[in-house]
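Residue numbers for the sequence shown follow my numbering, beginning at 5 and rising by one. We put the CB at the ideal spot given by N, CA and C, even for glycine. First comes the structure, then the notes that go with it.
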Amino acid sequence: MKILRLILGDQLNQQHSWYNDPIEDVIYFMAEMRQETDYTTHHIQKVVAFFESMRNFASWLKSEGHTVIYYKLDTSENTQDIIENINNLAEQHKITHFEYQLPDEYRLDKQLKDFKEKSKTLKISAIDTEHFLTSRTDIENFYEGKKQYTMEYFYRDMRKKYDIMMTTPKDPEGGKWNFDHSNRNKYKGEHPIPPPLVFENDVKQTIKEIENAGVKTIGFINADQFDWPTTREQSLNVLNYFCEHLLVHFGDYQDALYTEHAFLFHSRLSFAMNSKMLSPKEVIDSVIAHWRANSETIEITQVEGFVRQILGWREYMRGMYWMKMPEYASLNKLENTNKLPDFYWTANTKMNCLHHAIKQSLDYAYAHHIQRLMVTGNFALLAQIHPDEVDQWYLGIYIDAIEWVEITNTRGMSQFADGGIIATKPYVSSGSYINKMSNYCGSCHYNVKLKTEENACPFNSLYWNFLDDKREHFKGNNRMAMMMNLLNKKTAEDISALKERAALIIENPDDF
C-alpha cells in the first residue's frame, strides 16, 4: 500500500496525528497553484505569507523524516490544478491510497468530494484537520429547533463544555458571561502602545516568483522585512508577545480606532491561527495562563473579550458557514446592487476614516474587526453595494481571509445580506459612532456634526437614506424600532434633503 497525502495551504498543523504515523510508503504533497492565487485578487502579502509558510512547513516535514513532494508555482510538473496534480502523482508513484484533511472552504471540499466519487483507481479517504474545537455539524445540532442563532448561547455552552473561565459547571468567572460593555473605550493615548513584533523574513525570491508567474495582486509589501509569522516558532513568538505586552489593555481598546497605530493592542494572531500553525485551544490556554499568573495587573475584562472572539465567534462563524453553504454565498436580502467605489483599491478618498482603514489594509493586509465592520463595511452597506463585490474585496485584501470566516462576517455580520441569520440587526451607523470610537473625525475634510451641507460627513445622510430605503425590510425588527421611530419623526423636508445628499454620494462615491 502506497499512500499520497495532500496538505493544503491552510492546514499547517504540526500537531496533527498524521505525523505520528510510520513514515514508510507515505508521500506528502503540497503545491502552490494558480487555482488558489486566481479565484480572487489577493493581497501580495497574503500570497507571500501562505507560500512562505507552506515552504517552511514542508521543510519541517522533511526534517522529521517524511517524504515530501512540493510544487512551487513555477515547478514544471505543476499543472496548477489540484486534481490533475494528484492524478499525475498517483500514476507516477503507483499510489493506491489518497488521503486528505477536510478542507475549510466549500469550493475545495466540493472539488475533492467530486474527485472521490469519480475516481476508479484510488481508494480515497478524508480525515479531520484536528484544529477546531467543534465539528462542522455541531452548530446545526446546537440550534436545532431554535428560531434564532444567537451566538451568546453557543459561547456560553462552549465555556461550559471546555471548562474555560468557570467557577462551577454552571457559573462563569467574574459573575458575568460577557464583559462587552467594558470593551468599548476610545483610545486617547493614555497608555503607550508597544510596537508590533517584527521579523526579518527575506521574501524577495518569493515575490519575484509570484511576479514572474503573472499573478495579479493588490496592496504593498516590504521585501526586506516581512512581519507576518511564517513558521510555528514565529507564531508562538507572536502569541507570547501578545500575552506579555498587549493583553493588559486589549479588552479596553479592542473596538478603538486610532490614526497613529494600525494594530493598537490587537494580537495579530489571525493568520497564524487560520493557517493552523497555532490551534485555538493553545492560544486560549496561553492567554488564560498568563492572566492567572498576572491577575494583579490584568483584569478579567481584558481576557474574556479575547476568549469570546476565539472560543465563541470564530467557532460560531465556521459552524454557520457549513450549516448554510452553498446557498449562503448568493444571499442578497436587502437587494443591494451598486458597485464598489474605486477608492477601496486606492484609499483615495477625503473621508478620513475610510482613507485610514483602507490605506492600512493596503499597507499591512490587516484591519481590526471594528475597522472592517463599522468603517469599510458600514460605508459599503449604507452605499448599498452588491454583497458579491464586498465579499471579493474582503476575501482578497486581508491576510487572514479564508472563505469560511470571511463570508459569514462580510455577507452576514457586515452587510446583513442574509437578512438576519448571523446578526439580528444591520451594523450601520452615522458618523457619530466613528467619532465616538476614534480620532479620525477631528482631522477629516468633512464635519461629522453636519448632515446635508456640502461639507457634511457622508455617513450621516447615507445612514438616514438607508433606513428610509429599506423600511420594508425592517418591519417587525424590534432591534430597529427605535431608529425607525426617529426616522418617522423627521419632516418630509428633512428626509428629502438627506436623500438628495445621499443620492449624490451613492452616484459619485469617488468624488467624496
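Annotation: the continuous alpha helix (DSSP H) that includes Phe54 extends over Ile48 to Ser67. Nearest in C-alpha terms to Leu116, of all of Tyr332, Val287 and Ile87, is Ile87. The alpha-carbon of Met169 is positioned some 40 Å away from that of Asn489. Secondary structure in the segment 301-358: the alpha helix (DSSP H) runs of 4 residues or longer, each lying completely within the stretch, are 304-311, 319-328 and 347-350 in chain order. Under the DSSP assignment, Tyr75 falls outside any alpha helix (DSSP H), being part of the beta strand (DSSP E) whose first and last residues are Thr71 to Tyr75.
Spatial neighbours of Glu109 in its own chain (CB-CB distance under 7 Å, excluding positions within 5 residues in sequence) are listed in chain order as Ile406, Glu407 and Trp408. About 12 Å separates the Cβ atoms of Met329 and Ile143, ruling out a contact at the 8 Å cut-off.
For Phe478, the three-state secondary structure derived from DSSP is helix. Residue burial is scored here from C-beta neighbours: Thr353 has at least 16 other C-beta atoms within 10 angstroms and is therefore classed as buried.
Under DSSP, Thr221 takes part in a beta bridge, and its partners are His46.
Excluding five sequence positions before and after Trp397, the CB atoms of its chain that fall closer than 7 Å to its own CB belong to Leu344 and Tyr348, given in chain order. In the same chain as Ile48, and ignoring 5 residues on each side of it, the C-beta atoms closer than 6 Å to its own belong to Thr221, Gly223 and Ile225, in chain order. Using a Cβ distance threshold of 7 Å, Ile288 and Ile304 do not count as a contacting pair.
Shown here for Lys429: same chain residues with a beta carbon closer than 7 Å to its own, the five before and five after excluded, namely Asn481, Arg483 and Met484 in chain order. Selection Tyr368, Arg111, Ser418 and Arg38 evaluated against Gly218 yields Arg38 as nearest (Cα-Cα).
Between the segment 271-282 and the segment 232-243 there are three or more inter-stretch CB-CB distances shorter than 8 Å, so the stretches are counted as touching.
With a 10 Å radius around the Cβ and a threshold of 16 neighbouring Cβ atoms, Lys455 comes out buried. Counting of Cβ neighbours within 10 angstroms places Gln96 among the exposed residues, the total staying below 16. Residue burial is scored here from C-beta neighbours: His253 has at least 16 other C-beta atoms within 10 angstroms and is therefore classed as buried. Annotated three-state conformation of Arg9 is strand, per DSSP.
If you draw a straight line from the Cα of Lys190 to the Cα of Phe183, it comes to about 16 Å. For Pro200, no pairing in a beta bridge is given by DSSP. According to the DSSP secondary-structure assignment, Ser123 is paired through a beta bridge with no residue. Proximity of the segment 316-323 to the segment 193-202 falls short of the contact definition, fewer than three beta-carbon pairs being nearer than 8 Å.
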